[in-house]
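Participant: The sequence shown maps to residues 37 to 227 in the working numbering.
Note that the Cβ used here is the ideal one computed from N, Cα and C, for glycine as well.
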Amino acid sequence: MGLLPSTFRALYRLVLRATSASVLHNIKARKNLFRLWRPIFDRAGQVTRDLETKTLAPTVRLYHEELLNTWQKRMDHTLTFLLSSAQSRGLSHRVVRNVNILSEAHRLWIRANYYRGAKRWNPHLPPSSPTYDPKSLLPADMRAVRKRDRRREAKVLDERCWDALGEVIRMAEARHNLSLGRHRMRPWKIE
């Protein structure tokens, strides 16, 4: 795979610089928002690479061109929004700040709820250490069963709340024709 066009790379760098300026170059906020931009640009880069191939059917090529044109218009509006956020401390700055806070909260929530039981390797322990033994999937008693069921219900409710919030963000993006980023998630299943 070759490099993406220089205009595409320049747009990515410009969005990153504008994002950094909009959060006043705060390192943690900048990293949170950079994580949101990466999936969007990865997908757009994939579409750009697909357009460079000669083997696309005409209908698929037309669809990809329309998708890329819509994405470029959204990026133009997003850059305007980020510029406004960097220059004034008005509504656009508060939106960027809140997106950053929500992104961090969502990342911590995912880590706490879905990767909580993951064990890390300790080089000082032998491979046969009881620390590495898997936990039993069978509950010890009815109290543990009820506790597990309540935890599952709370997890489903939390997930539905985050889904609703994501839907509100997507509606706001569509209304104002801009993009606020996407989370890259690993798929999971409810136990």
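Going straight from the alpha carbon of E227 to that of R66, what length do you get?
Facilitator: For E227, the pLDDT reaches just 48, beneath the cut-off of 50, and the residue's location in the model is therefore unreliable, although a value from the coordinates is still provided. Rounded to the nearest angstrom, the two C-alpha atoms are 35 angstroms apart.
Participant: Suppose you measure from the CA of L214 to the CA of R187; what does that come to, to the nearest Å?
Facilitator: 37 angstroms
Participant: Excluding sequence positions up to five away, which residues of its chain have a Cβ less than 6 angstroms from the Cβ of W107?
Facilitator: Here the set comprises A80.
Participant: Identify which residue in N136, L174 and L87 has its Cα closest to the Cα of L72.
Facilitator: The candidate whose alpha carbon is nearest that of L72 is N136.
Participant: To the nearest angstrom, how far is it from the Cα of S56 to the Cα of S165?
Facilitator: Rounded to whole angstroms, S56 and S165 show a C-alpha spacing of 46 angstroms.
Participant: Cutting at 8 angstroms between CB atoms, please list the residues of its own chain near T84, excluding the five before and the five after it.
Facilitator: L40, P41, F44 and L104
Participant: Taking the alpha-carbon of A148 as reference, which of D194, N62 and G202 has the nearest alpha-carbon?
Facilitator: D194
Participant: Count the other C-beta atoms from every protein chain shown that fall within 10 angstroms of the C-beta of T114, then say buried if there are 16 or more, exposed otherwise.
Facilitator: buried
Participant: According to the Cβ coordinates, are I76 and R218 closer than 8 angstroms?
Facilitator: Cβ atoms of I76 and R218: closer than 8 angstroms.
Participant: Give me the residue from S139, Y99 and D185 with the minimum Cα distance to F70.
Facilitator: Restricting attention to S139, Y99 and D185, the CA atom closest to the CA of F70 is found in S139.
Participant: Compare the C-alpha of Q123 against each of C197, H61 and H212 and name the closest.
Facilitator: H61
Participant: Helix or strand or just coil, what does DSSP make of E227?
Facilitator: Its pLDDT being 48, under 50, E227 is placed unreliably in this model, and the value from its coordinates should be taken loosely. Three-state result, E227: coil.
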